[in-house]
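Under the numbering used here, the first residue of the sequence shown is numbered 4, with each subsequent residue one higher.
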Amino acid sequence: MAEQQWTCQSHPTKQHETITRKLVFSVNDALTGMGLDWNDAEWVGGATYKPTTAIGKVPDDAFLPPPRCTTPVSEIGWPTLVIETGVSESMPRLRVDAAKWFSDSKGKVRITLVISIKDSSVDVERWQLAPIGAPTPLTRDYIASLCRRPPNRPPLYSQDPAAQQPYCAQQIIITRQGATGDLVLPFDALYDRSPEQGEHDVLITSTDFMRLTQRLW
């Protein structure tokens, strides 16, 4: 389990906070629409996750489903979903951050969303690990074959950092004119269990993304 300290992030911008918060609200709305009480889960933005042998990281936000929540909250484990948002940071740097979450958690983090806010667009990428047995290194054809299997669920098991191969499972670009697609968060990866009656994958639609970004520019 990671060692956590509850701290504040340093000087996030208004754009940074706006899109991260609204994305969190969108996920909560989707869970509520399934009849789930999102208060049973926890969002832990501002928590420092520190493995025993590495420098800790603070997510812009992170989701822990009920099976991973404990009392007291200071003892909770790794999130299933991490959000990393950057305004001045480049997308390559955010991708490095995504890979570090998988490595530090040994794959207990299932999905990392990286969001890069630019002057006239927002790029959203969903990163996850390739399954054990995937070709090394990953090929474009193999990644494309994974992405053709909607919703392309990430592995639901731990992986040794040395064997991990993170890749981008979805990319969405949002401009004033529209968004290039919908974001899918597989339910079992997010909630750490199989969906029951009335439960399904979380869908953030292109319309949702336009509302999330309407005041950014």
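C-beta atoms are modelled at their ideal positions from N, C-alpha and C, and glycine is treated no differently.
Computed from a prediction, not measured in an experiment: that's the story for all the values here.
Label Q217 either buried or exposed according to how many other C-beta atoms from any shown protein chain fall within 10 Å of its C-beta, with 16 as the threshold for buried. In the sequence shown, the residue the question calls residue 217 occupies position 214. Q217 is exposed by the Cβ-count criterion.
For A33, which of M213, L219, L186 and Y160 has the nearest alpha-carbon? Sequence index remark: in the sequence shown, residue 33 carries index 30 (1-based). Closest by alpha carbon: L186.
Express the C-alpha separation of M37 and R96 in angstroms, rounding to a whole number. Your numbering for residue 96 matches position 93 in the sequence shown. Your numbering for residue 37 matches position 34 in the sequence shown. Approximately 35 Å, taken between the alpha carbons.
State the start and end residues of the unbroken beta strand (DSSP E) segment that holds P169. Translated into positions along the sequence shown, residue 169 becomes position 166. That run of the beta strand (DSSP E) goes P169 to T178.
Distance, Cα to Cα, Q200 vs N31? Here residue 200 corresponds to residue number 197 of the sequence shown, with the count starting at 1. Here residue 31 corresponds to residue number 28 of the sequence shown, with the count starting at 1. When rounded, the distance between both Cα atoms is 18 Å.
Is it right to say Q7 is buried, meaning 16 or more other beta carbons lie within 10 angstroms of its own, or is it exposed? The residue given as residue 7 occupies position 4 in the sequence shown. Annotation note: pLDDT 43 at Q7 (below 50); position unreliable, coordinate value reported separately. So Q7 counts as buried.
Taking 7 Å as the limit between beta carbons, can you name the residues of its chain near K103, skipping five residues before and five after? In the sequence shown, counting from the first residue as 1, residue 103 sits at position 100. If we look at K103 and ignore the five residues flanking it on each side, its Cβ neighbours are K60.
Can you tell me where the alpha helix (DSSP H) with S148 in it begins and where it stops? In the sequence shown, residue 148 corresponds to position 145, counting from 1. Per DSSP, S148 belongs to the alpha helix (DSSP H) from R143 to C150.
Taking the CB atoms as reference points, tell me whether D122 and E87 lie closer together than 8 Å. Sequence index remark: in the sequence shown, residue 122 carries index 119 (1-based). Sequence index remark: in the sequence shown, residue 87 carries index 84 (1-based). Going by C-beta atoms, D122 is not nearer than 8 Å to E87.
If you drop the 5 nearest sequence neighbours on each side, which residues of the same chain put their C-beta closer than 7 Å to that of A137? In the sequence shown, the residue the question calls residue 137 occupies position 134. These residues qualify, in order along the chain: Y145 and Q168.
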